[in-house]
Amino acid sequence: MSKKSNLGKALQRQQQRKMNEGAAKVQNQGQFFHDGKVVKEEYQIQQENLQSIIDQNPLNEYLQMAEMANIKYQAEKKSDVVVNEQQKQLVINVNAIRKGQLPNSSVYDYQKNQLLVDLQIPRRPRWDEKTTVEQLRLMENENFLKWRKELAKFEEEHYQIQLTPYEKNIEVWKQLWRVVEKADILVQVVDGRDILFYHCNDLTKYVHEEQNRVYRKNQTKINFLLINKSDLISDKIREEWSAFLNSKNLNHMFFSAKLEQEKIDKEEQVQDATNILIQQEEPKTEENTEAFINTSKIADRKILLSELKSLVQKIRKQRQENVETTKVIEQEDHDIQHDENTVIIGMVGYPNVGKSSVINALCNKKLVGVAARPGKTKHFQTIPLEKYLLLCDCPGLIFPNASSSRAEMVCNGVLPIDNIKDYLSPMDLLAERIPKIVFEKLYGINLQEFKVIDASTVLSTYSKKRGFMTGRGLPDEAKASKLMLKDFVNGKLLYVKLPPTYQGEALWQSNPLEDLENLIYQQQQNQHHLNDDANIDNQFENQLIQEKKITNEEILEIFTQENLAQLMEGKKVHGIKLTKEQRREIKHNFQRGDPIDIKKYLNLQQNQKETLYKTYIQGKRGQI
Numbered sequence: 001m002s003k004k005s006n007l008g009k010a011l012q013r014q015q016q017r018k019m020n021e022g023a024a025k026v027q028n029q030g031q032f033f034h035d036g037k038v039v040k041e042e043y044q045i046q047q048e049n050l051q052s053i054i055d056q057n058p059l060n061e062y063l064q065m066a067e068m069a070n071i072k073y074q075a076e077k078k079s080d081v082v083v084n085e086q087q088k089q090l091v092i093n094v095n096a097i098r099k100g101q102l103p104n105s106s107v108y109d110y111q112k113n114q115l116l117v118d119l120q121i122p123r124r125p126r127w128d129e130k131t132t133v134e135q136l137r138l139m140e141n142e143n144f145l146k147w148r149k150e151l152a153k154f155e156e157e158h159y160q161i162q163l164t165p166y167e168k169n170i171e172v173w174k175q176l177w178r179v180v181e182k183a184d185i186l187v188q189v190v191d192g193r194d195i196l197f198y199h200c201n202d203l204t205k206y207v208h209e210e211q212n213r214v215y216r217k218n219q220t221k222i223n224f225l226l227i228n229k230s231d232l233i234s235d236k237i238r239e240e241w242s243a244f245l246n247s248k249n250l251n252h253m254f255f256s257a258k259l260e261q262e263k264i265d266k267e268e269q270v271q272d273a274t275n276i277l278i279q280q281e282e283p284k285t286e287e288n289t290e291a292f293i294n295t296s297k298i299a300d301r302k303i304l305l306s307e308l309k310s311l312v313q314k315i316r317k318q319r320q321e322n323v324e325t326t327k328v329i330e331q332e333d334h335d336i337q338h339d340e341n342t343v344i345i346g347m348v349g350y351p352n353v354g355k356s357s358v359i360n361a362l363c364n365k366k367l368v369g370v371a372a373r374p375g376k377t378k379h380f381q382t383i384p385l386e387k388y389l390l391l392c393d394c395p396g397l398i399f400p401n402a403s404s405s406r407a408e409m410v411c412n413g414v415l416p417i418d419n420i421k422d423y424l425s426p427m428d429l430l431a432e433r434i435p436k437i438v439f440e441k442l443y444g445i446n447l448q449e450f451k452v453i454d455a456s457t458v459l460s461t462y463s464k465k466r467g468f469m470t471g472r473g474l475p476d477e478a479k480a481s482k483l484m485l486k487d488f489v490n491g492k493l494l495y496v497k498l499p500p501t502y503q504g505e506a507l508w509q510s511n512p513l514e515d516l517e518n519l520i521y522q523q524q525q526n527q528h529h530l531n532d533d534a535n536i537d538n539q540f541e542n543q544l545i546q547e548k549k550i551t552n553e554e555i556l557e558i559f560t561q562e563n564l565a566q567l568m569e570g571k572k573v574h575g576i577k578l579t580k581e582q583r584r585e586i587k588h589n590f591q592r593g594d595p596i597d598i599k600k601y602l603n604l605q606q607n608q609k610e611t612l613y614k615t616y617i618q619g620k621r622g623q624i
């Protein structure tokens, strides 16, 4: 018997090398350090200091605050310590909130209680040209500690409310401060499925405060709200949100970085496949950006770029004489040396809302690394988009919030799903929000025997279906929960919240616009009509195919650039496959610059012509 081959491991190693090369390419292209030099040791130190700190045990938190306050301690022997274990704490029950069973429900009106909504973010202390770097660092630490104490006091005074985890590393907040100071246009990127959760009102106020500072009184700053992942939102819900945001005087635009990235990837695949593709210039159409700003329409890359450029022109007109750069900025961080006319666009927001994906879509290529796990971006990066125009990608920050729970943050993708220990709480939210029939159709499980489903019911049934078992032979609910939660974050399990003006009930309610059973019945009826129409169309097409032969012009209209690329790869498209000699001849003609006549390479048989003509008729009918 022959020796076993290691072909599988070789393929895995080859795939891993490609992934490592791609990651290195993104890192080399996408990271621009502010002194123009990449020092490995400094970069490693920055990475260690910029680790996001969300959860801390009391000892580490106390030591961190003591270090920032420059407090020194000495051991005191023979001292007694009294520990009071009676703490005032009330864990908010999501189910009780939904059913309105909590006492004094007016306290938990999250849409109207300003104490919960308007929690402030830390500010950078005021400074001038006489402030040294060390003085500025001490003032920043003092302000940050004061802010932490105010939040602790807030929790103590309102012990019925528990603040969700928020960013506790001052180095990460410094990234936001620098982006706000440098940016002329601050784009706050939010997830369209829950706009109120991701939008920070105090950040908008902070931008106005920064504009009014003495040393930056001549700098104009503009706030802009970019609603990403809008492809997951229906037209009706986008209209409701647009009306709500207009009532709040928030300039906004709906966008989908995923759709734009798919277009970019598709173009790259076509270009990488072969160089013989017919270069077809896209028709130049003047899009009216006013039809997309503050409306429910989803803008593409060109529309968003055009709107940002219009804001840039507005800033340049309002900008007066250039302001001299203070010595403190030069000493504190080595900024990019750019022209006085350069306009900086800053991208800020929560982790995992798609800030880096938006930048890649605007640049029309992958410059910034992206990942499904939140917190991929560690240091703010500047990417030149055009001459005198820079994009600035800020690391995602978790702002302090009291209007949600930890389970809510896990479902929204803010906290890493792989690190969660309590998986039942977020799964309870999914069981409340997602209808039972959706779980059945999507995962192929049967939940009809359960009148009311909860986390354990769904996870146990799904684990048995997939064969997820623990060492003791029990359903592995933890593994199943992580898969479902990731599907929820990625939009496979869809849940979209409506603005509070649409329906004044609890924030946790799903508020469906259409009844699911009626929707399913309508889909079944539409499927019957489609089947009847398909039978009629097939008879009509067969009659046309027998009476008429397809022309060469109609053949060229069927083939797209992607189809031509597949033909050059040796694949079979619409029943046609080019030989090796034909592919070589086409490639040589393209390299010499000779015109390519694809018609002579398609020696069609009668059955192939009938197949192509059927495709041609279906395409024409789809355009009507």
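Going by full-length UniProt numbering, the first residue of the sequence shown is number 1, and it counts up by one from there.
Here a beta-carbon is modelled for each residue, glycine too, at the ideal position from N, C-alpha and C.
Helix, strand or coil, according to DSSP, for residue i in the structure here?
i, result
"L442", "helix"
"F380", "coil"
"E363", "Note that residue 363 is Cys in the sequence shown, not Glu. Helix at C363."
"I293", "coil"
"E155", "helix"
"L11", "helix"
"V452", "coil"
"F488", "helix"
"I97", "Low local confidence applies: a pLDDT of 35 at I97 is under 50, so the model's placement there is unreliable, with the coordinate-based value given in what follows. Looking at I97 - three-state DSSP - the assignment turns out to be helix."
"D393", "strand"
"F144", "helix"
"E129", "coil"
"V458", "helix"
"L493", "coil"
"V180", "helix"
"L385", "strand"
"I345", "strand"
"V312", "helix"
"residue 625", "As shown, the chain starts at 1 and ends at 624. That puts residue 625 outside it, with no answer to give."
"V358", "helix"
Note down, in chain order, each residue of its chain lying with its Cβ closer than 6 Å to the Cβ of residue i, except the 5 sequence neighbours on either side.
i, result
"L544", "Model confidence at L544 stands at a pLDDT of 42, short of 50, so the residue's coordinates are unreliable; what they give is reported in the following sentence. No residues qualify anywhere along the chain."
"E239", "S296"
"L259", "D231"
"R301", "E260, A361"
"K482", "I417"
"residue 629", "Because the chain in this structure spans residues 1 to 624, residue 629 falls outside the shown range and cannot be described."
"L519", "The predicted model places L519 with a pLDDT of 46, which falls under 50 and marks its position as unreliable; any figure quoted below should be read in that light. Cβ within range, chain order: n/a, list empty."
"S306", "T289"
"P499", "E240, W241, F244"
"V312", "V343"
"L11", "none"
"P103", "Low confidence applies to P103: its pLDDT is 37, below 50, so where it sits in the model is not reliable enough to give any reading."
"N143", "P125"
Is the distance from the Cβ of residue i to the Cβ of residue j below 8 Å?
i, j, result
"A407", "P426", "yes"
"I398", "Y206", "no"
"C392", "I315", "no"
"P122", "M139", "no"
"L176", "V348", "yes"
"residue 651", "V179", "Outside the displayed range of the chain (1 to 624) lies residue 651, so it cannot be described from this structure."
"L226", "L250", "no"
"L186", "N223", "yes"
"V489", "G396", "no"
"Y198", "Y350", "yes"
"L151", "L163", "yes"
"F255", "V358", "yes"
"K365", "I264", "yes"
Note down, in chain order, each residue of its chain lying with its Cβ closer than 8 Å to the Cβ of residue i, except the 5 sequence neighbours on either side.
i, result
"G491", "R193, K229, L232"
"S310", "T289"
In its own chain, which residues sit with a C-beta less than 7 Å from the C-beta of residue i, not counting the 5 before and 5 after it?
i, result
"Q566", "V573"
"D476", "S463, F468, M469, T470"
message = Just to confirm the assignment: which complete alpha helix (DSSP H) runs, minimum length 4, are found wholly within the segment 396-427?
response = 406-411
query = Do the segment 217-234 and the segment 426-436 meet, that is, are 3 or more Cβ pairs less than 8 Å apart?
reply = no
ask   = Can at least three beta-carbon pairs, one atom from the segment 292-311 and one from the segment 230-249, be found at a separation below 8 Å?
value = yes
key: contact_flag[the segment 450-462, the segment 187-195] where n(CB pairs < 8 Å) is 3 or more   = no
Complete runs of the alpha helix (DSSP H) confined to the segment 186-243 [at least 4 residues] = 195-198, 201-211
query = On the three-pair Cβ rule with 8 Å, is the segment 405-422 touching the segment 461-471?
reply = no
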